[in-house]
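Every position in the sequence shown, counted from 1, becomes a number in the working numbering once 116 is added.
Ideal Cβ positions, reconstructed from N, Cα and C, are used throughout, including at glycine.
Here's the structure, in structure tokens; my notes come after.
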Amino acid sequence: MEISINKTTGSYPLKHNQHQSFKGYDARPLKAIVMTICDEKNKSFDIIRQMSEIGTKEGFRVYFTNQTNKLYANLELIKKFFKLGTFGFSKWAQDNAVLTPDNRVLTNHFETPFAKRVASITKAKLSGCDRAIEGGNLFFVKNGDKNELFVGADELKLRTPEFLQKTYGVSKVVPIPQADFHLDLFIRPLNDKKVLVADDRLMIKELKLAIKSIDKYKTKNPCTIEELKALGNVQKCLLGVLKTFERDVKSLKNPKAEEISKVLTDNGYTPISVPGRIFYSVANTYKDDLVHGLNYMNSIVHQKPDGSLVFITNKSDYNNICGITEEISQKIDFDFEKILIKSLKPYIKEENIYFVEGKNKEISEILKNEGGGIHCLCNEIPAEIGR
117 MEISINKTTG SYPLKHNQHQ SFKGYDARPL KAIVMTICDE KNKSFDIIRQ
167 MSEIGTKEGF RVYFTNQTNK LYANLELIKK FFKLGTFGFS KWAQDNAVLT
217 PDNRVLTNHF ETPFAKRVAS ITKAKLSGCD RAIEGGNLFF VKNGDKNELF
267 VGADELKLRT PEFLQKTYGV SKVVPIPQAD FHLDLFIRPL NDKKVLVADD
317 RLMIKELKLA IKSIDKYKTK NPCTIEELKA LGNVQKCLLG VLKTFERDVK
367 SLKNPKAEEI SKVLTDNGYT PISVPGRIFY SVANTYKDDL VHGLNYMNSI
417 VHQKPDGSLV FITNKSDYNN ICGITEEISQ KIDFDFEKIL IKSLKPYIKE
467 ENIYFVEGKN KEISEILKNE GGGIHCLCNE IPAEIGR
């Protein structure tokens with residue numbers, strides 16, 4: 117993911133007028149999503165198509181924009197841009213502009229044209245700030261009738277909490293230990309002050325249970341030679357994933373789930389541990405860089421009119437890599453999507469959980485090679501803004 121923060125000290129003076137109807141950026145009804153991804157001919161369109169289909173079903177619009185100075189919602193028209201290989205803005209729509217609770221679009225000076233498109237949906241005021249934070253490293257969350265700001269702790273090296281309170285129009289700033297490049301790679305606020313936290317210990321536990329379940333199945337059920345071979349291959353792959361992941365988790369210098377959960381608890385939030393990621397680490401000076409083969413935390417959350425939540429996340433390629441077919445999944449009661457569905461069951465219905473894939477497993481490739489997923493690719497417009 118690209119880093120575009122201009123590390124200067126100046127900023128434009130900003131005023132805010134708190135809108136009490138704003139529900140926060142944790143889990144809220146979405147009016148729209150804006151996407152810009154158009155840098156590979158014919159490829160990334162399928163991500164927008166899938167998001168548009170989800171939006172049509174669940175009640176929000178999906179817009180595409182590029183250098184044509186317009187927003188597009190018609191899929192056939194959008195598809196033409198991809199056939200032509202039209203280049204537009206950076207694909208990281210989440211990071212390029214932030215819609216604040218008081219109906220301003222806050223941006224640094226590098227993505228002003230894109231920010232104007234976002235502002236046009238709600239008639240928001242466009243505000244510039246050299247020290248604006250990329251959208252993936254912050255979340256607006258609701259605490260009673262006030263808006264608070266979760267922010268990656270690294271951002272406080274260049275900004276004071278008072279500056280962030282004034283700039284983003286919030287009552288309080290909660291620095292979250294920087295466990296990864298951006299917050300949206302390891303936490304995901306829901307509603308009612310609940311926050312999902314990626315707990316690597318839980319992922320290790322799930323992998324161990326899956327390996328044991330294969331042994332149990334083979335012991336209790338007569339298997340053909342072909343079945344034994346397929347199950348053996350799955351078990352061998354899972355053992356390899358487990359061994360590698362355990363090694364990286366053990367050596368990881370970054371803050372752990374328990375440290376993040378303590379900060380959330382101390383600030384009145386309820387952390388919910390989930391098996392949300394698999395990564396390998398690249399050693400760095402004080403905090404390791406992480407490369408994700410699976411990341412469910414980088415997600416969009418939409419609240420439906422009945423109050424239920426929709427969870428949109430990245431499809432992983434691990435089921436395919438490990439040879440876990442639907443038939444095998446039913447036999448051993450495990451696949452990599454099931455572990456997320458099971459962990460979210462008290463909060464989100466299974467039918468409201470979506471795994472976006474793109475064309476030819478593109479989401480997995482973007483996540484692994486470029487460090488971002490579906491949340492990074494979407495700029496969210498809450499329904500409460502600009503009414």
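In this structure, D449 sits near S329, with a CB-CB distance shorter than 8 Å. The DSSP assignment places complete beta strand (DSSP E) segments of no fewer than 3 residues inside the stretch 357 to 429 at 386 to 390, 393 to 398, 405 to 411 and 416 to 419, in order along the chain. Around the beta-carbon of V398, fewer than 16 other beta-carbon atoms lie within 10 Å, marking it exposed. For P229, the secondary structure class from DSSP, reduced to helix, strand or coil, is helix.
Taking C-beta separations shorter than 8 Å and ignoring five residues to either side along the sequence, the partners of L242 in its chain run R220, V221, T223, T228, A231, K232 and A235, following chain order. For R165, the uninterrupted alpha helix (DSSP H) run begins and ends at F161 to E174, by DSSP. Shortest Cα-Cα distance from S389 to any of I482, A373 and N383 involves A373.
Per DSSP, the unbroken alpha helix (DSSP H) holding L280 starts and ends at P277 to Y284. Between L299 and I327, the gap from beta carbon to beta carbon reaches 8 Å or more.
At least 8 Å separates the beta-carbon of P217 from that of A499.
Distance from L493 to K207 at the Cβ level is roughly 6 Å; contact confirmed, criterion being Cβ atoms closer than 8 Å.
With a cutoff of 8 Å on beta-carbon distance, D211 and G268 are scored as not near each other. If the five residues before and after F205 are omitted, its C-beta is found closer than 8 Å to the C-beta atoms of T152, T181, N182, Q183, N212, E227, P229 and F230, all from its own chain and listed in chain order. For S236, the three-state secondary structure derived from DSSP is helix. Between L358 and I416, the CB-CB gap reaches or exceeds 8 Å.
Spatial neighbours of E375 in its own chain (CB-CB distance under 7 Å, excluding positions within 5 residues in sequence) are listed in chain order as P293.
Between L368 and N430, the C-beta spacing is not below 8 Å. Under the criterion of beta carbons closer than 8 Å, I469 and I457 qualify as touching, at roughly 6 Å.
Rounded to whole angstroms, the separation of the alpha carbons of K262 and K352 is 51 Å. Residue pairing of N263 in beta bridges, as defined by DSSP: K258. For S243, the uninterrupted beta strand (DSSP E) run begins and ends at K241 to G244, by DSSP.
Following the DSSP letters along the chain, one finds I440 in no beta strand (DSSP E), marked with neither H nor E. Burial check for N495: the Cβ neighbour count within 10 Å reaches 16 or more, so the residue is buried. Under the three-state reduction of DSSP, I341 is assigned to helix. Annotation: I479 is outside any beta strand (DSSP E); the continuous alpha helix (DSSP H) that includes it extends over E478 to E486.
Contact annotation, R177 with A148: C-beta distance approximately 4 Å; criterion of less than 8 Å satisfied.
Setting aside the 5 residues that flank it on each side, K403 is surrounded in the same chain by Q294, K369 and N370, each with a C-beta closer than 7 Å to its C-beta; the list follows chain order. DSSP places E496 in the uninterrupted beta strand (DSSP E) bounded by N495 to P498. By the Cβ neighbour-count rule, N158 is exposed, with fewer than 16 other Cβ atoms within 10 Å of its own. In this structure, D451 and P305 do not form a Cβ contact; the two beta carbons are roughly 26 Å apart against a cut-off of 8 Å. L265 counts as buried, since at least 16 other C-beta atoms from the protein chains shown sit within 10 angstroms of its C-beta. Taking the Cα positions, F279 is about 52 Å away from V350. With 16 or more other Cβ atoms inside 10 Å of its own Cβ, L312 counts as buried. Closest in C-alpha terms to R363, from the list L318, Y396, P277 and K454, comes Y396. Residue pairing for F471: DSSP places it in a beta bridge opposite T429.
Taking all protein chains in view, the Cβ of I341 is surrounded by fewer than 16 other Cβ atoms within 10 Å, so the residue is classified as exposed.
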